[in-house]
Amino acid sequence: MLKILFNKEYRNGGKISNKNSISKEEKESIIKLEEISLYRNALIHNGGKVSIEMNEKVKYFKPPTDGDLVFDSKLIRLFIKEYVKFFKYLTSEINNTFSSYQHLSVIEKTEILWKDCFSSPILQFKDYWDIDNERDLITGIKHPEIESSISSSEKVLLSIWRHQFDDSIRTEEFLLCSVNYHKIYELYKGLDNLKFYHMKQKSERNNWT
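If you count by this note's numbering, then the sequence shown holds residues -6 to 202, one letter each, in order.
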């Protein structure tokens, strides 16, 4: 769960830990929540009886080998304790993630969105934009020769970026079956959060002063 949310990796044996790793305690907490989920599934889908899956997978909250599950106050308090512990981890990670993001420049945030949008090595952020790091602005659009090699779906996404920067540029037409709607939605949302559509105006305004 935590691994998916924050793109973290479990620590390996004797390897040195890093900021993208999940600690032993965090991993244990996630496993315990997965076990609690098995209890919930057995209660709802298996008539409250111990399932084969539970006997095979559960390590920390081991149920009786057969028969009915017993949900007493002691067990429920243990479950609640694990959820509270996990949400403390989650709160800490969210605070750390957003705290570091807030200190990034607009250009750095824009490049993060670009990398989320494009994974192709021929779509490098610096190759498609004129960047003024001193003023923290994109000042113009580049048209690299390699652009002719990008896919049709990438052309659609690139045209959205360019249209948001300069509304005189039209977005590419596309077939409904050829686009990832979720990706387009996330792109528009990200560009709106960055107020990317004001970037060109800010750049031109600074040139006049």
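Beta carbons are placed, not taken as given, at the ideal position from N, Cα and C, and that holds for glycine.
Nearest neighbour of L62 by Cα position, chosen from L31, F111, D129 and H175, turns out to be L31.
Under the criterion of beta carbons closer than 8 Å, S196 and T132 qualify as touching, at roughly 4 Å. If you draw a 10 Å sphere on the C-beta of P56, you find 16 or more other C-beta atoms in it, and that means buried.
Below 8 Å, enough C-beta pairs join the segment 107 to 120 and the segment 139 to 151 to call them touching: three or more. Linking D123 to H96 through their CA atoms gives a straight-line distance of about 22 Å. Counted as a single uninterrupted DSSP element, the alpha helix (DSSP H) harbouring D120 occupies residues F118 to Y121. In this structure, the straight-line span from the alpha carbon of W107 to that of Y82 is close to 29 Å. For R155, the number of other beta carbons within 10 angstroms of its own is at least 16, and it is reported as buried.
In the structure shown, the three-state DSSP call for I15 is strand. Excluding sequence positions up to five before and after K52, its CB lies within less than 8 Å of the CB of I24 and E28, all in the same chain and listed in chain order. Excluding the 5 residues flanking it on each side, L71 has same chain C-beta neighbours closer than 8 Å at F54, in chain order. Rounded to the nearest angstrom, the Cβ distance from E75 to L36 is 17 Å, too far for a contact under 8 Å.
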